[in-house]
Amino acid sequence: MALIAVTKERRAEETRVAATPESVKKLIAAGFSVIVESGAGLTASFADADYVAAGAQLVPNAAEAIQKADILFKVRAPVEAEIAALKPGTLVVALLNPHQDVAVVQALADKGALAFAMEFIPRITRAQVMDALSSQANLAGYRAVIEAAEAYGRAMPMMMTAAGTIAAAKVFIMGVGVAGLQAIATARRLGAVVTATDVRPATKEQVESLGAKFLAVEDDEFRNAQTAGGYAKPMSADYQAKQAELVSTHISKQDIVITTALIPGRPAPRLVSAAQVASMKAGSIIVDLAVEQGGNVEGVKLGETTVTDNGVHILGTPNLPGRIAADASSLYARNLLAFAGLLLTKEGALAPDLEDEILKAALLTRDGQIVHPALSA
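The numbering used here applies: residue 9 is where the sequence shown begins, and numbers increase by one.
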């Protein structure tokens with residue numbers, strides 16, 4: 009019976025866990041056995057006793073769990089001591105941040121691990137339930153609005169009182185992917201007046217379906233700015249200038265701006281300049297969801313709240329899903345549960361088909377080599 013190990017997360021400020029009592033119970037029903045390091049789920053509000061009740065074996069430290077394991081489930085990449093404890097051939101499944109943590113990927117290869125990056129799960133129908141980027145981005149978009157509302161020194165909804173009316177907060181979402189759409193929905197629920205922008209024309213309908221207003225220079229070039237595959241086409245310099253002017257004027261009137269643009273394997277695109285930040289009112293809030301990849305906002309600092317000379321607060325809070333660790337862990341654990349279904353044969357043997365399109369897309373290291381084409385070139 010294949011043994012899955014789940015250990016504490018040891019990366020800075022990581023509060024999530026890779027398996028929950030719910031997922032452990034289902035993994036065992038699927039034909040795995042599970043070993044959990046004591047305390048692995050505490051920061052996500054999952055007690056050791058709950059894992060034991062679900063059927064897991066509890067051990068006092070990570071090394072003991074890993075040395076016995078055929079598979080290691082993590083949220084973030086294992087640290088050096090965990091990699092050292094791996095048996096050659098162990099399957100490691102995690103959000104490995106492969107473009108940035110190249111040294112970790114190389115260490116996994118050197119150890120002979122079969123490493124899979126959850127970031128590389130392909131966007132195909134049968135893999136939707138394994139899409140950890142989407143499950144975590146959804147929660148990040150929600151949490152970004154909560155963080156902004158907490159930092160904002162005023163009410164979010166319009167309030168009519170005997171003493172007068174309080175205007176609703178104006179919230180601008182830049183980037184309408186999974187995180188952006190959830191940010192729109194959350195800000196609307198809190199009563200804000202919400203606008204959003206994206207380079208893909210198809211997102212206009214999504215934005216408006218959530219009750220927000222779409223902001224773009226909607227000329228012929230914009231209407232034809234998307235490929236058949238749903239990706240954005242490069243825009244002309246003339247269009248970019250017109251769009252930048254429109255956005256700059258709009259930002260200056262906003263109370264809260266949330267940026268969500270990320271490009272896998274590349275630094276985050278710059279969406280908000282220092283001049284645009286300087287145009288905002290004192291007390292305005294900017295939340296940069298891309299801060300861990302360099303940030304969308306000029307002047308953002310990882311892990312800090314920067315207060316500009318004109319009184320704008322730029323929040324560089326990393327790992328927003330980790331700030332709602334119980335729900336983030338539950339969703340991520342279900343992503344891994346679905347992924348685990350690809351690892352066993354019908355007879356219950358651990359024999360993943362590495363030609364399966366999902367496993368092949370996510371595979372980073374094999375037989376001591378880095379094999380993913382995005383990394384091995």
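C-beta atoms are modelled at their ideal positions from N, C-alpha and C, and glycine is treated no differently.
Query: Of all the options Ala195, Glu216, Phe230, which has the alpha carbon lying nearest to the alpha carbon of proline 209?; Result: Phe230
Query: CB valine 112 to CB leucine 104, shorter than 8 Å?; Result: yes
Query: Could you give the DSSP three-state label for methionine 243: helix, strand or coil?; Result: coil
Query: Do you know offhand how far aspartate 58's Cα is from glutamate 45's?; Result: 13 Å
Query: Sort out for me which residues DSSP pairs glutamate 253 with in a bridge.; Result: DSSP lists no partner for glutamate 253.
Query: Here's the rule I'm using: 16 or more other beta-carbon atoms within 10 Å means buried, otherwise exposed. How should glutamate 216 be labelled?; Result: exposed
Query: How many Å lie between asparagine 343 and valine 100 at the Cα?; Result: 14 Å
Query: Let's see if you can read the secondary structure: which residues bound the beta strand (DSSP E) around aspartate 335?; Result: Not the beta strand (DSSP E): aspartate 335 falls in the alpha helix (DSSP H), residues 333-348.
Query: With DSSP as the reference, identify every bridge partner of histidine 321, one or two as the case may be.; Result: Ile293, Val315
Query: Exposed or buried, glycine 172, counting other C-beta atoms within 10 Å across all chains shown (16 or more means buried)?; Result: exposed
Query: Any idea what DSSP makes of serine 41, helix, strand or coil?; Result: strand
Query: Checking 8 Å against the spacing of the C-beta atoms, do histidine 380 and leucine 367 come in under that value?; Result: no
Query: My understanding is that valine 137 touches alanine 346, with C-beta atoms under 8 Å, so please give their C-beta distance in whole angstroms.; Result: 4 Å
Query: Looking at the strands, I want to know which residues DSSP matches up with glycine 172.; Result: Thr169
Query: Roughly how many angstroms lie between the CA atoms of leucine 279 and proline 96, to the nearest whole one?; Result: 44 Å
Query: Let's test the definition: count the other Cβ atoms within 10 Å of the Cβ of asparagine 304 and tell me whether it reaches 16, buried, or not, exposed.; Result: buried
Query: Starting from threonine 51, trace the beta strand (DSSP E) both ways and give me its first and last residue.; Result: Here threonine 51 belongs to no beta strand (DSSP E), and DSSP marks it neither H nor E.
Query: Please state the DSSP three-state secondary structure of lysine 95.; Result: coil
Query: Quick check: the Cα distance between isoleucine 154 and leucine 358, rounded to an integer number of angstroms?; Result: 42 Å
Query: Apart from the five residues on each side of it in sequence, which residues of its chain come closer than 7 Å, Cβ to Cβ, to alanine 276?; Result: Ala269, Leu270, Ala298, Gln301, Gly302, Gly303, Asn304
Query: With a CB to CB cut of under 7 Å and the five nearest residues on each side skipped, what residues in its chain are close to serine 143?; Result: Leu339, Tyr340, Asn343
Query: Assign methionine 126 to one of three DSSP states: helix, strand, or coil.; Result: helix
Query: Can you give me the Cβ contacts of isoleucine 181 inside the same chain, cut-off strictly under 6 Å, excluding the 5 residues immediately before and after it?; Result: Gly188, Ala191, Ile192, Ala204, Ile266
Query: Looking at the structure shown, is methionine 182 part of a helix, part of a strand, or coil, going by DSSP?; Result: strand
Query: State the DSSP-derived secondary structure class of valine 308, mapped to helix, strand or coil.; Result: coil
Query: What is the DSSP secondary structure of threonine 203, reduced to helix, strand or coil?; Result: strand
Query: Would you mind reading off the limits of the alpha helix (DSSP H) that contains alanine 211?; Result: One detail in the question is off: residue 211 reads as threonine in this sequence, not alanine. Residues 211-217.
Query: Taking C-alpha atoms, which residue in Asn146, Gly307, Ala282, Arg19 lies nearest to lysine 82?; Result: Arg19
Query: DSSP puts glutamine 377 in a beta bridge; with which residues?; Result: Arg374
Query: Based on the DSSP secondary-structure assignment, which residues constitute the bridge partners of threonine 267?; Result: Met182, Asp296
Query: Between the Cα of valine 42 and those of Arg24, Ala61, Ser53, spot the shortest distance and give me the residue it belongs to.; Result: Ala61
Query: Where does leucine 328 sit, in a helix, a strand or coil, going by DSSP?; Result: helix
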